[in-house]
Amino acid sequence: MQIHPPTGASSTPPASLAPTPAVLAGRRIGILDNRKPNAGLLLARLAERLAGRTGAEVTLVQTKNAAIPCEDQVLGRLVEEVELVLTGTAD
Numbered sequence: 506m507q508i509h510p511p512t513g514a515s516s517t518p519p520a521s522l523a524p525t526p527a528v529l530a531g532r533r534i535g536i537l538d539n540r541k542p543n544a545g546l547l548l549a550r551l552a553e554r555l556a557g558r559t560g561a562e563v564t565l566v567q568t569k570n571a572a573i574p575c576e577d578q579v580l581g582r583l584v585e586e587v588e589l590v591l592t593g594t595a596d
């Protein structure tokens, strides 16, 4: 038996990460909820606690459906209103 690892070469180079801000106080943070089951509860609590602990202004934004890419208008809103975005999934 031969086992093949499920990894392979990618035709797209990895994206570089944005710099992490040293301090979150006073920042505008967007929480993107993809509407997966339980994601709303998880991300709402994350937003509440993050705002309480850091003093950041936190905005919760929802997509229409987890099965399709985020709508351009939602992405545009995030670009205009926040400095960084957090998202997650919770089935």
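Count along the sequence shown from 1, add 505, and you get the number used in the numbering used here. Virtual Cβ for every residue (Gly too), placed ideally from N, Cα, C. Quick caveat, the model's predicted, so the values are computed rather than measured.
Shortest alpha-carbon distance to Gly557 belongs to which of Cys575, Ala514, Gly531, Glu576?
Position 52 of the sequence shown, counted from the first residue, corresponds to residue 557. Answer by Cα proximity: Gly531.
Quiz item: Where Arg550 and Thr592 are concerned, what is the direct C-alpha to C-alpha distance, given to the nearest angstrom?
Solution: For the purposes of this step, residue 550 is identified with residue 45 of the sequence shown, where counting begins at 1. For the purposes of this step, residue 592 is identified with residue 87 of the sequence shown, where counting begins at 1. If you take the alpha carbons of Arg550 and Thr592, they lie about 13 Å apart.
Looking only at C-alpha atoms, which of Thr525, Ala561, Pro510 sits nearest to Gly535?
One-based indexing of the sequence shown puts residue 535 at position 30. Measuring from the Cα of Gly535, the nearest candidate turns out to be Ala561.
Am I right that Arg533 and Glu586 are in contact with their C-beta atoms under 8 Å? What's the rounded C-beta distance? Residue 533 sits at position 28 when you count from the first residue of the sequence shown. Residue 586 sits at position 81 when you count from the first residue of the sequence shown. The Cβ separation is near 6 Å, so the contact holds.
_Below 8 Å, how does it come out for the stretch 559-573 and the stretch 540-550: are there three or more Cβ pairs, yes or no?_
yes
**Asked** Which word fits Asn539, buried or exposed, when buried means at least 16 other C-beta atoms lie within 10 angstroms of its C-beta?
**Response** The residue labelled residue 539 in the question sits at position 34 within the sequence shown. Answer is buried; the Cβ neighbour count reaches 16.
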